[in-house]
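Colleague: One structure coming up, written as structure tokens, with questions to follow.
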Amino acid sequence: MSTSEIAAEARGHDQGKHASVGFYWTIAGILGVITAMEVAIFYIDALEPALAPILLTLSAVKFAMVVMFFMHLKFDSKVFTIVFLTGLSIGTFVVIALILLYQFLPRFAS
Amino acid sequence: MSDTAVATDHHYTATGLPTWKVGFWTFMGSECLFFASLISTYMVYKGASTTGPFPADVLNIPLTSISTFVLLMSSTAMVLALDGVQRGKKRLATFWLAMVIMLGGTFLGFQVYEFNHFVHEGLTISQNVFGSTFFVLTGFHGAHVTVGVIWLTVLFIMSLRGKLEPADALKVEIAGLYWHFVDIVWIVIFTLIYLLQ
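Residue numbers (this note's numbering), protein chains in the order written: chain L, 384 to 493; chain D, 23 to 219.
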């Protein structure tokens, strides 16, 4: 694909046709249901051992749905995805690295 | 007017993408690092407070669940406002912009109530490590929401005056990206701080 073709495609994305109003309401409904599930799971004692992985997974699903459909990354140019994921990946790495360092390897942090 | 009949009087980068949009996605990438540093600080010092109040003493899950839902719905209203502007449906766009502002204001109201309640419970920014990290993280998030509400109010006034045409959709889209970003940051905060105590 030539540079001009890429540029033309990108402009097409910019003028973008995204999704229907019904689709956005469906996403909103799913996000609301997942939030309700998170709160319900928080109060179920039997699920306490698996609380962290379950809640982190549900949170990641909500995060991904907002980014893909409300922020239109799924329909937009891949350039935006790369730019955003670069910052997000470094940020996530920093959070995980610091938690591991201070919570599980405190000897090395001090 | 159809969705694709949007005039685009914007500057474009060599990739053919609008400069404002590329710049704003880059800004949001950097904001990920900003909030990652605040979230890291909270997580690193989690459980390090030697004096109360502790998270379990003050965090109100039912209340925060409602405010989380309110913010999620504001994101829905935002995407519908953008859809209205892109389709040239001015009254619809104005209505949904007003809804975003109202829901954003409601979220801020919940936060003010929560902060006030915590202070009455004895949790201040200097009380313990939990107070310091909690107020800094959620305070900066609240400041971002406030900026978003002001930004959207400007767009709402423009829309009321009939100055928000389909050609201006990029302005609304960028404000929307900011608003959704504030929403996804809260999704992370709600899970890590409130639910995973």
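Glycine is no exception: its CB is placed at the ideal position from the N, C-alpha and C atoms.
Assuming D:Val-204 contacts L:Tyr-485 under a Cβ cut-off of 8 Å, what Cβ separation, rounded to an integer in Å, is found between them?
Modeller: Not a contact, Cβ separation roughly 27 Å.
Colleague: Could you compute how far the alpha carbon of L:Lys-461 sits from the alpha carbon of D:Phe-46?
Modeller: 15 Å
Colleague: Going by Cα to Cα distance, which pick from L:Ile-473, L:Phe-463, L:Val-478 is closest to D:Gly-38?
Modeller: L:Phe-463
Colleague: Please confirm if D:Phe-152 has its CB atom under 7 Å from at least one CB of chain L.
Modeller: no
Colleague: Could you tell me the alpha carbon to alpha carbon distance between D:Leu-159 and D:Phe-137, rounded to whole angstroms?
Modeller: 12 Å
Colleague: Throw me the rounded Cβ distance for the D:Leu-81 and D:Gln-219 pair, which I believe falls under 8 Å.
Modeller: 7 Å
Colleague: Within its chain, find whatever has a CB closer than 6 Å to the CB of D:Glu-143; leave out the 5 residues flanking it on each side and keep chain order.
Modeller: Pro-75, Val-80
Colleague: Measure the alpha-carbon distance for L:Val-449 versus D:Val-176 and round it to whole angstroms.
Modeller: 24 Å
Colleague: Which residues of the stretch 457-472 of chain L have a Cβ closer than 7 Å to any Cβ of chain D? Give them in chain order.
Modeller: Ser-460, Val-462, Phe-463, Val-466, Phe-467, Thr-469, Gly-470, Leu-471
Colleague: Return the residue from the list D:His-166, D:Glu-53, D:Leu-186, D:Ile-215 that minimises the CA-CA distance to L:Thr-469.
Modeller: Closest by C-alpha distance to L:Thr-469, out of D:His-166, D:Glu-53, D:Leu-186, D:Ile-215, is D:Glu-53.
Colleague: By the three-class DSSP mapping on this structure, what secondary structure does L:Asp-459 have?
Modeller: coil
Colleague: Which one of D:Ile-209, D:Trp-201, D:Gly-127, D:Ile-179 has the shortest CA to CA distance from D:Ala-115?
Modeller: D:Ile-179
Colleague: In chain order, what residues of the same chain lie with their CB nearer than 7 Å to the CB of D:Tyr-216, ignoring the 5 residues before and after it?
Modeller: Leu-81, Ile-83, Thr-86
Colleague: From which residue to which residue does the alpha helix (DSSP H) around D:Ala-70 run?
Modeller: From DSSP, D:Ala-70 is part of no alpha helix (DSSP H); its letter is neither H nor E.
Colleague: From D:Asp-190 to L:Ile-479, what distance separates their C-alpha atoms?
Modeller: 40 Å
Colleague: Going along chain L in order, which residues have a C-beta closer than 7 Å to the C-beta of D:His-202?
Modeller: Val-449, Phe-453, Met-454
Colleague: Out of D:Leu-102, D:Ile-123, D:Gly-51, D:Thr-90, state which residue places its alpha-carbon closest to the alpha-carbon of L:Phe-452.
Modeller: D:Leu-102
Colleague: Could you give the distance in angstroms between the alpha-carbon of D:Gly-2 and the alpha-carbon of L:Leu-439?
Modeller: The first residue shown for chain D is 23 and the last is 219, placing residue 2 of chain D beyond what the model contains.
Colleague: Give me the subset of the stretch 74-101 of chain D whose CB atoms are less than 8 Å from a CB atom of chain L, sorted by chain position.
Modeller: Residues of the stretch 74-101 of chain D with a C-beta less than 8 Å from any C-beta of chain L: Ile-83, Pro-84, Ser-87, Thr-90, Phe-91, Leu-94, Met-95, Ser-97, Thr-98, Met-100, Val-101, listed in chain order.
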